[in-house]
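**Student:**
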Amino acid sequence: MKDKEIERLNILKQEENKLYEKNLQFICGIDEAGRGPLAGPVVVGAVILPKDSFIEGVNDSKKVSEKKREKLYETITSEAIAYSVGIVDHKKIDEINILNATKLALKIAIEGLKQRPDMIMVDALNNMDTDGIPYMSIIKGDAKCYSIAAASIIAKVTRDRIMREWDSVYPAYGFAKHKGYGTASHIAAIKENGPCSIHRKTFIKNFI
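Here my numbering is used: position 108 in the sequence shown is 135, and no number is missing along the way.
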């Protein structure tokens with residue numbers, strides 16, 4: 028590992044290291060993928076990594092290529108003390124709105140962990156049901172915190188895989204390429220074909 032990458036990871040782990048110094052052992056990073064798309068679920072990833080975890084390339088999922096994310100996903104999940112995902116589908120998003128759906132997915136992810144965290148570090152969410160577990164909400168946490176960055180990769184890879192599966196069901200919309208986000212080609216496909224079953228009705232009302 029190059030010195031520059033070691034320095035970057037050391038900076039990324041500063042928040043966790045402060046907690047380890049307070050004798051906290053199980054620190055859980057949490058992040059979501061899919062708040063903005065016009066179709067598909069919102070996915071929250073949760074991961075507890077060992078104190079000495081130092082995985083080369085871990086970063087905000089948006090800064091990592093799809094191919095590299097897939098490799099990092101395998102490394103992160105194999106090294107994790109515990110990890111989980113919470114998935115809330117398009118119907119529930121329409122029913123309770125995307126913010127509440129994200130908080131619900133977070134609750135599901137926490138409940139799915141085989142190890143109860145001592146502390147949760149989450150990317151810019153507040154007023155959540157964490158089952159009494161204390162949490163830190165960090166703005167742009169996926170770019171500032173190692174555990175949150177790792178969780179962002181778990182969430183993104185999980186959601187991308189789901190959207191690639193939907194692409195085989197609804198090939199006319201290009202889900203494998205844009206993953207449901209509101210690209211020009213996606214909006215054009217909605218206007219041409221109408222919405223499909225996984226479109227969020229509350230998100231696409233201006234396009235139909």
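The C-beta atom is built at its ideal place from N, Cα and C for all residues, glycine as well.
Suppose the cutoff is 6 Å on Cβ atoms and the five residues either side in sequence are ignored; what does the same chain contact list for Cys223 look like?
**Tutor:** Taking the sequence shown and counting its residues from 1, the one referred to as residue 223 is at position 196. Only Tyr197 meet the Cβ criterion.
**Student:** Just to confirm, is the Cβ distance from Ala109 to Leu140 under 8 Å?
**Tutor:** Position 82 of the sequence shown, counted from the start, is the residue given in the question as residue 109. Position 113 of the sequence shown, counted from the start, is the residue given in the question as residue 140. Taking 8 Å as the Cβ cut-off, Ala109 and Leu140 qualify as a contacting pair.
**Student:** Going by the CB atoms, is the gap between Ile82 and Pro144 shorter than 8 Å?
**Tutor:** Looking up residue 144 in the sequence shown gives position 117. Looking up residue 82 in the sequence shown gives position 55. For Pro144 and Ile82, no; Cβs fall outside 8 Å.
**Student:** Near Thr157, which residues of its chain fall below 7 Å by C-beta distance, leaving aside the five closest residues on each side in sequence?
**Tutor:** Here residue 157 refers to the residue found at position 130 of the sequence shown. These residues qualify, in order along the chain: Ile137, Ile147.
**Student:** Let me know if Tyr47 comes out buried or exposed under the rule of 16 or more other beta-carbons within 10 Å of its beta-carbon.
**Tutor:** By one-based count along the sequence shown, residue 47 stands at place 20. Its Cβ having fewer than 16 others within 10 Å, Tyr47 is exposed.
**Student:** Excluding the five sequence neighbours on either side, which residues of its own chain have a C-beta within less than 6 Å of the C-beta of Tyr162, listed in chain order?
**Tutor:** The residue given as residue 162 occupies position 135 in the sequence shown. Around Tyr162: Ile147, Val149.
**Student:** Using a Cβ-Cβ cut-off of 7 Å (strictly less than) and excluding sequence neighbours within five positions of Ile231, which residues of its own chain qualify?
**Tutor:** Within the sequence shown, residue 231 is the residue found at index 204, counting from 1. Cβ neighbours of Ile231 beyond the five flanking positions: Leu65, Ile217, Pro222.
**Student:** Pick out whichever of His213, Lys171, Ile125 has its Cα sitting closest to the Cα of Gly63.
**Tutor:** For the purposes of this step, residue 63 is identified with residue 36 of the sequence shown, where counting begins at 1. Checked all of His213, Lys171, Ile125; the closest Cα to Gly63 is Ile125.
**Student:** Looking only at DSSP bridge pairs, what is Ala73 linked to?
**Tutor:** Counting from one through the sequence shown, the residue named residue 73 turns up at place 46. In DSSP, Ala73 forms a bridge with Ile57, Ser111.
**Student:** Please state whether DSSP places Ala199 in a helix, a strand or coil.
**Tutor:** In the sequence shown, residue 199 corresponds to position 172, counting from 1. Here Ala199 sits in helix by DSSP.
**Student:** Does the distance from the CB of Ile175 to the CB of Ile57 come in under 8 Å?
**Tutor:** Stepping through the sequence shown from its first residue, residue 175 is reached at position 148. Stepping through the sequence shown from its first residue, residue 57 is reached at position 30. For Ile175 and Ile57, yes; Cβs fall inside 8 Å.
**Student:** Are there three or more Cβ pairs, one per stretch, closer than 8 Å when the segment 166 to 181 is compared with the segment 30 to 43?
**Tutor:** Touching, yes.
**Student:** Reducing DSSP to helix, strand and coil, say where Ser164 ends up.
**Tutor:** Reading the sequence shown from its first residue, position 137 is the one you call residue 164. In this structure, Ser164 counts as strand in the three-state DSSP scheme.
**Student:** What is the rounded straight-line gap between the Cα of Ile181 and the Cα of Ala73?
**Tutor:** What you label residue 181 is simply residue 154 of the sequence shown in a count that begins at 1. What you label residue 73 is simply residue 46 of the sequence shown in a count that begins at 1. Approximately 8 Å between the Cα atoms of the pair.
**Student:** Considering Asp150, what are the terminal residues of the alpha helix (DSSP H) in which it resides?
**Tutor:** In the sequence shown, residue 150 corresponds to position 123, counting from 1. It is not in any alpha helix (DSSP H) - Asp150 instead sits in the beta strand (DSSP E) that spans 146 to 150.
**Student:** Whole angstroms are fine: how far does the CA of Ala178 sit from the CA of His213?
**Tutor:** Residue numbering aside, residue 213 sits at position 186 when the sequence shown is read from its first letter. Residue numbering aside, residue 178 sits at position 151 when the sequence shown is read from its first letter. Taking the straight line joining both Cα atoms gives about 27 Å.
**Student:** Restricting to runs no shorter than 4 residues, where is the alpha helix (DSSP H) found entirely within the segment 88 to 137?
**Tutor:** List check, alpha helix (DSSP H) in window: 93 to 106, 117 to 123.
**Student:** Please work out which residues of its chain come closer than 6 Å, Cβ to Cβ, to Asn220, disregarding the five sequence neighbours upstream and downstream, and give them in chain order.
**Tutor:** Here residue 220 refers to the residue found at position 193 of the sequence shown. Answer for Asn220: Ala199, listed in chain order.
**Student:** Any idea if Ser88 is buried or exposed, counting beta-carbon neighbours within 10 angstroms, 16 or more meaning buried?
**Tutor:** As a position in the sequence shown, residue 88 is number 61, starting the count at 1. By the 10 Å Cβ count, Ser88 comes out buried.
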